[in-house]
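What follows is a short report on a single structure.
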Amino acid sequence: MKTSLKPWINDLPDYVAGRTVEEIKRKYGLASVYKLASNENLFGPCGKVKETLKECIGSVNYYPDSDTYEIRTAIADKFNISKDNIIMGDGTDQVIEMICDCFIDRQDNIVTGDPNFLIYEKSALISGGSAKKVPLRPDFSQDIKSMLNAADSNTKAIFIASPHNPSGTIISKEDFEYLLKYAGRNILIIMDEAYYEYMPPQKQLDTVSYLSGNPNLIVLRTFSKIYSLAGLRIGYGIANTEIITGLNKIRLPFNVSSMAQKAACAALADEGYILKIRDIISGERDKFYSAFKEAGIGYVESFANFVLIKTGEKSGDIVEELLKNGFIVRPGVNLGLPGYIRVTLATPEIDDKFLKVFMVIYKKLYQG
Ligand code: PMP
164 MKTSLKPWIN DLPDYVAGRT VEEIKRKYGL ASVYKLASNE NLFGPCGKVK
214 ETLKECIGSV NYYPDSDTYE IRTAIADKFN ISKDNIIMGD GTDQVIEMIC
264 DCFIDRQDNI VTGDPNFLIY EKSALISGGS AKKVPLRPDF SQDIKSMLNA
314 ADSNTKAIFI ASPHNPSGTI ISKEDFEYLL KYAGRNILII MDEAYYEYMP
364 PQKQLDTVSY LSGNPNLIVL RTFSKIYSLA GLRIGYGIAN TEIITGLNKI
414 RLPFNVSSMA QKAACAALAD EGYILKIRDI ISGERDKFYS AFKEAGIGYV
464 ESFANFVLIK TGEKSGDIVE ELLKNGFIVR PGVNLGLPGY IRVTLATPEI
514 DDKFLKVFMV IYKKLYQG
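Throughout the sequence shown, residue numbering follows our numbering, covering 164 to 531 in sequence.
Below, the structure written as structure tokens:
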């Protein structure tokens, strides 16, 4: 039998996932390793989520609710929308994939930032389309006007993220409204808000309220970040019912596990816990900024639970030294930003340990 891959599959970019704790423990013989490479919430989920998960164990022999009724109802109540405006995915990644599967054909393209979260581009390429990538502005924000200029008659979607990964910058209200106004109704605008809950309230745009006037808008959220359920894989998209109906046509049955659905309901119910984490992380960001300012090290001001640090030409050595000391961070070179490293903000204790080790390594490498 002679099988053949679709011609573009071999050329797909690889998503380089963060290294695992066990791998680094083994490699360097370390007793404790901190993973600060994938923007997970190191506080873990709230107590009610843990209890709920224990209760769920007894029913894992059953398939989950394919309709995801309970969690969609809870999300609909939160946003004061209909549950028919919501699609659940096995992580937001899957919702992005479904959007590209439904809307991107072979001659089509998407427009996104360069860099941006890789899955936008990868999903467009898997669908047989292409990606036009528009460099960030010098302050690392997404260049909305240039993205609009890059769009052509084959552009089906513009993917933006606020906060943006890997920089942590956000999109202003003016830029967001400009994009909606000038993109035209034939182009989908996908606003990825994976890190939304980490933003200070005065910066949080009520993007869902724009749905009624903009039938081409899709808002993405996830339970992987501040809700701390990354390992369970559950995220969602909000859009008009026509888009949601289309996405549901290709959604695989039972695409979100029962544990994930139940845990997400419990996580959503404890808003106080989320606000507490947001405030702690905001303090941790400030702590990082003060330390870098004092040491004369550059960084990008972030609105998420990670910070991009300007580590210069010795970034590779810094990443390696950090690994030897039990800290896994994400090299900027893997994210399209050589000369930087991206570090997840963890707990105050872990962050203090990180800053201490990082400063020693940085000074040793640059000041001898
Ligand atoms: N969007 C952005 C901007 C992200 O950084 C991530 C996760 N790294 C995702 C989406 C995907 O999240 P999920 O775990 O829900 O698939």
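Each residue gets a CB set at the ideal place from its N, CA and C atoms; glycine is no exception.
Judged by DSSP secondary structure, P298 falls within the beta strand (DSSP E) whose first and last residues are S293 to P298. In this structure, Y191 places its C-beta atom within 8 Å of the C-beta atom of L486. Here the alpha carbons of I220 and S421 stand approximately 10 Å from one another. By the 16-neighbour rule on beta-carbons within 10 angstroms, Q305 is buried. The beta-carbon separation of A509 and Y197, rounded to 6 Å, stays under the 8 Å limit for a contact. In this chain, V179 is not harboured by any alpha helix (DSSP H), its DSSP state being neither H nor E.
Not one heavy atom of the ligand PMP is found less than 7 Å from the C-beta of S316. Looking at S391, G347 and D228, the one whose alpha-carbon comes closest to that of P378 is G347. For Q367, the closest C-alpha among the options G398, L281 and F466 is that of F466. Here the segment 422–441 makes contact with the segment 201–215; the two share three or more CB pairs at distances below 8 Å.
T507 and V520 have their C-alpha atoms roughly 15 Å apart. For D177, the CB stays at least 7 Å from every heavy atom of the ligand PMP. Between the C-alpha atoms of M522 and P301 there is a straight-line separation of about 26 Å. Distances from the CB of D355 to the heavy atoms of the ligand PMP include at least one below 7 Å.
Within the same chain, Cβ atoms closer than 6 Å to the Cβ of L431 are found at A237, the five residues on either side in sequence being excluded. Using a Cβ-Cβ distance cut-off of 8 Å, the segment 436–450 and the segment 346–363 are in contact, since at least three pairs of beta carbons, one from each stretch, lie closer than that value. A distance criterion of 7 Å places the beta-carbon of T255 in contact range of the ligand PMP, judged by its closest non-hydrogen atom. Within 7 Å of the C-beta of N202 there is at least one heavy atom belonging to the ligand PMP. N497 has its CB no nearer than 7 Å to any heavy atom of the ligand PMP. Counted as a single uninterrupted DSSP element, the stretch harbouring N312 is not any beta strand (DSSP E) but the alpha helix (DSSP H) occupying residues I307 to A313.
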